[in-house]
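Below is one structure, written out as structure tokens, with a few remarks after it.
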Amino acid sequence: MQQRPEPPQARAVRAFLVLSASCAVASEAARATKAGKQPLWNGDSDESTDAALLFVHNRLAADGLEQARLREEVAEAERKESDLSRQLSEGRRAAKAAEQRAREELARESRQSS
């Protein structure tokens, strides 16, 4: 079975991801070295690639957790907004009903006094 050639966009995306991962690993290495810790990058290309992929994997996992947390916050805010909207609507209906009762009472008092 012959493999189809990879589309140019896929190669470009893969190259971008590798470049991004390399930059992230280099940044982490600089931070770790500055902090006196052992950096992920140690000069071995296979280990560096593994470290870059691990870094990207962990970052994606952390981003996924953050995204889930933010989705839950948005859902909670939407529930609160819906409750407040319902309460506001009920309050307006109650105010209109009270206003109508007050008008009817005033009209009744006006008729009785005339």
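Per mature numbering (1 follows the signal peptide of the UniProt record, and there is no 0): the sequence shown = residues -29 to -1, 1 to 85. All C-beta atoms in this analysis are idealised placements derived from N, C-alpha and C, irrespective of residue type, glycine included.
Segment contact flag, the segment 62 to 76 with the segment 34 to 45, C-beta cutoff 8 Å, min 3 pairs: The segment 62 to 76 and the segment 34 to 45 do not touch, with fewer than 3 CB-CB distances between them shorter than 8 Å.
Integer Cβ distance of residue -8 from residue 23, believed to fall under 8 Å: As a working note, residue -8 is residue 22 in the sequence shown. As a working note, residue 23 is residue 52 in the sequence shown. Between residue 23 and residue -8 the Cβ distance is about 6 Å, and since that is below 8 Å, they are a contact.
Cβ pair residue 26, residue 46 closer than 7 Å: On the sequence shown, residue 26 is found 55 positions in, with the first residue counted as 1. On the sequence shown, residue 46 is found 75 positions in, with the first residue counted as 1. In this structure, residue 46 does not lie closer than 7 Å to residue 26 by Cβ.
Residue -23 in three-state terms, based on DSSP: Position 7 of the sequence shown holds residue -23. Here DSSP, grouped into helix, strand and coil, assigns residue -23 to coil.
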